[in-house]
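Please read the structure below before turning to the comments.
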Ligand SMILES: Nc1ncnc2c1ncn2[C@@H]1O[C@H](COP(=O)(O)OP(=O)(O)O)[C@@H](O)[C@H]1O
Ligand SMILES: [Mg+2]
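Chains as they are written, first to last, in our numbering: chain A, 1 to 800; chain B, 801 to 1037.
Written as structure tokens, this is what we have:
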């Protein structure tokens, strides 16, 4: 019997190729999109699953309530003390080596990053393959390094480099092991490992990542609050119980939960995975709707067959089985085509989502795919199958095929849903782009064009004491217009805050983030000066000066919001006022306000951030940056010159140079990725909706062929006939718009509320997308209606 | 074999109610050849559909082989139908996607008969209707007369007790029409009960018994003297 079904199906496919082609291509587009997304989602979910006991490992992260920011870093010494807390089985310490002197191999200098000190139990936490030497020994021996295979090749041009040495300043490292590069699907990222520095009694600095392996069945929330309590007691004795919050993030969730800051590498985005999943379900649904629609539209053609089969003894369930077989067969064809589409588009898609994806057919994923294809085939085939099985054999017997209902309501409803979704997706895509564009064009209070920064320079070389000689030499490089000093990456985040008190008493120990800068920050960073003046060489007392063991002074620029917070009536009023704080070395630091600037937006505009102050010649960061205004076309030459100057002055031969504009764009990279995905998927959705309209319109044209012919005989023009047929569909679009508008408005408003700064939803966006969908629908219908309207009436009427 | 008593069939569509059959009483015995005649729309096809168990009466009783089936479920009807009733339609109703052989084979498949036996029986029956040289053709590749012969073969292949034919010659020229009628006649001689709807008086004359209908009711039910006379004559001859 099955064979009979298959033969019938295959011959039906080849007899009605257009119908079959529409069905298969529609389904395969939906499936291909879903497969791509599925690959991406399952890849994102696979991060760190391979690590030993992955389900019991957590990372300790902390959140600073006062500055409203979280970091994945903690103090290793504190956690070492807390390692015996009930529930904790083992502690892994990873402590990145702070940027320091460059590495030299023979006569070549290298700036190496990703050099991490690790506790000796590393292999109990991370799956890592040692290629040469012994990793365990390296982690227990001072001055030994284990290199990744790619670093070994880069530094020594070969892989087995055990026993070779690297010079860093006056320190000599010996390579003790080489390990295979880490796979892409882990949040860990390091290129070299060494023994972690011994534990001390210093509890305040957060220098590394701490991972705990928990005993099975441990309550993580309870453990987190127990740890938090003890952590605060040790690090912030006497402070309030919520000065920091500790959380234990499961190892396997780090990749998707990760923030932007201080991760070992760029993390993924849970919301983009969810958005993708949602969109792919939508696409499959749309493709399924098409399938249902077109199958029913073609059902009159199959009615005779159903009737005959019934008359010959087929039961209803046999008819259902037959049509389900047929739709599963169609879906399988579509799946094969979908796999081909996936193979072709995978390189492009991998690049888009920035992952190395591949489709493995003989894997869990492949099996899952097969099951899903079967399910889609059954689900999409179910309604048409039941619909057809209900055909009356008696109608066939009396040659009466055209009477009775043809599920017009169902099909119209599906079409309404399709065009509704199209309208919603267009609106969503446009508003998403608008919001993104808006975020990127928000005034940030500083300039970012034609600026580069040299990172990872020891703060002691740039701040505290003026290094005019270095700045002179840099400024003398052709193409460099100006150079200054900043202690943070302004496109990223604040690194330090201080508790400020104002002389009028309004601010008393208020925690306010600050940026340490050199001279003339307003000019060099392109800040908006509202009142007062820039820090300047002419008033050299602006620079940080320790007066004695207990007192120090520096000049300060306020942002407008801080002026308000401190209760001054205007920017001018704040000039000359004195704030006090601690300098961290036991001195009281007096800060004199010399100017006021517009608020600075550090990092992403997505999050609300406190307004900062700028302090001249002072920092709490280990590393600071040179900020250069340059003539961009000369960048390659400037790069070379900088290496030379910095090599001679600071022993930095391979400086790390970043374009500020690039860094800024990177903030919105995930958002841009999502916007791009939504646009692509909306395009596909509209394409699928077109298929649906096309299928339904061709059926309706067929059904009304006689009416059309009669009208033509009576003198109707072609256009009027096209419009007559299209009107039915435009009405459906109108209904879909009525449903889609409020729903979309509500969903988009909900999404926008995640943003601190957001656009207003414009009515024209809504009208435009409705018009676009209506126009596309009209064109699709017209292409068919035109043909119907062009048929010679005599032909049709003759055969009736 | 068939006994209808007080049979009624009413169609309800939205607001119109059509009584297609009204108080039909009819008994048909094994081996009879019955012709049903009447103007278009009088209920002939509806009656045939109920006889063929493709439709159920609204009221009344239908006994088939001494079994009351008026209340049978669709599934029970399908089972009873596939073993005992063959259909021949005016518009042939061959399945376009299947070859001649596969079309004839189909009812046997629904009866779960083995492939080997199916092959044998299909070939035998195709030979009998003289179309076996076209076994691998698709229906559109045949003439109308050939298609109807295939349809008859399909009705015969299950060795039905009853053959129902709804205007079997309606789409055929007179020569092909006569061939089909002769085939039905011969079948009937071999013992199969045949019930046929027809428009033509001439074809009505092939039958042993004539039932005339008007507006859903039987207006005339008589033995066909002419026919029996003919038979008689031929026997004498
Ligand atoms: N499925 C149906 N729905 C509604 N009315 C029907 C249906 N089938 C038949 N009829 C009506 O029942 C009457 C008898 O039809 P039918 O048996 O096909 O007539 P005939 O075969 O004698 O021409 C007609 O009036 C017809 O309109
Ligand atoms: Mg009829």
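Positions of the beta carbon are idealized from the N, C-alpha and C atoms, including for glycine.
Proximity of chain A to residue 881/B at the Cβ level (cut-off 8 Å) is accounted for by 311 and 313, in chain order. Per DSSP, the continuous alpha helix (DSSP H) segment holding residue 1001/B begins and ends at 1001-1004. The Cβ neighbour count for residue 767/A, taken over all protein chains shown within 10 Å, is under 16; the residue is labelled exposed.
Under the three-state reduction of DSSP, residue 537/A is assigned to helix. Where residue 787/A is concerned, the enclosing alpha helix (DSSP H) starts and stops at 763-790. A contact between stretches requires three or more CB pairs, one per stretch, nearer than 8 Å, and the stretch 638-652 of chain A fails this requirement with the stretch 488-503 of chain A. With respect to the 8 Å criterion, residue 972/B and residue 946/B are not classified as neighbours on the basis of their beta carbons. With a threshold of 16 other beta carbon atoms within 10 Å, residue 778/A meets it and is buried. Remark: C-beta atoms of residue 47/A and residue 126/A do not approach each other more closely than 8 Å. Taking the Cβ atoms as the reference, residue 234/A lies roughly 5 Å from residue 203/A, within the contact range of under 8 Å. Residue environment: residue 833/B is assigned as buried (16 or more neighbouring CB atoms within 10 Å of its CB, all protein chains considered). The shortest C-alpha to C-alpha distance from residue 489/A to any of 501/A, 453/A, 205/A and 244/A is the one to 453/A. Between the alpha carbons of residue 486/A and residue 437/A lies a gap of roughly 27 Å. Spanning the alpha carbons of residue 546/A and residue 558/A requires a straight line of approximately 21 Å.
Note on the stretch 928-1012 of chain B: whole beta strand (DSSP E) runs with a minimum of 3 residues are 962-966 and 993-997, in chain order. Take the alpha-carbon of residue 979/B and the one of residue 965/B: they are about 14 Å apart.
Rounded to whole angstroms, residue 939/B and residue 927/B show a C-alpha spacing of 17 Å. Counting along the chain, the unbroken beta strand (DSSP E) around residue 500/A starts and ends at 497-502. Residue range 254-257 is occupied by the alpha helix (DSSP H) that includes residue 255/A. Scanning chain B for C-beta atoms nearer than 7 Å to the C-beta of residue 308/A yields 893 and 895, reported in chain order. Membership of residue 485/A in the beta strand (DSSP E) is indicated by the continuous run 480-486.
For the stretch 15-47 of chain A, the set of residues with a beta-carbon nearer than 8 Å to any beta-carbon of chain B comprises 15, in chain order. Distances between the C-beta of residue 891/B and the heavy atoms of ligand 1 are all 7 Å or more. Under the three-state reduction of DSSP output, residue 616/A falls in the strand class. The Cβ of residue 7/A sits closer than 8 Å to at least one Cβ of chain B. For residue 184/A, the three-state secondary structure derived from DSSP is coil. In this model, residue 958/B and residue 908/B are separated by some 7 Å (Cα to Cα).
For residue 845/B, the distance from the CB to the nearest heavy atom of ligand 2 is below 7 Å.
Using a 10 angstroms sphere on the CB of residue 857/B, the tally of other CB atoms reaches 16 or more, which defines it as buried.
Counting the other CB atoms within 10 Å of its CB gives residue 543/A a total of 16 or more, which places it among the buried residues. Between residue 843/B and residue 820/B, the gap from beta carbon to beta carbon is short of 8 Å. Taking a Cβ-Cβ threshold of 9 Å, the residues of chain B close to residue 1/A are 909, 910 and 912, in chain order. The residue among 610/A, 442/A, 636/A and 737/A with its C-alpha nearest the C-alpha of residue 479/A is 636/A. With a threshold of 7 Å, the Cβ atom of residue 1015/B does not count as near ligand 2, since no heavy atom of the ligand is closer than that.
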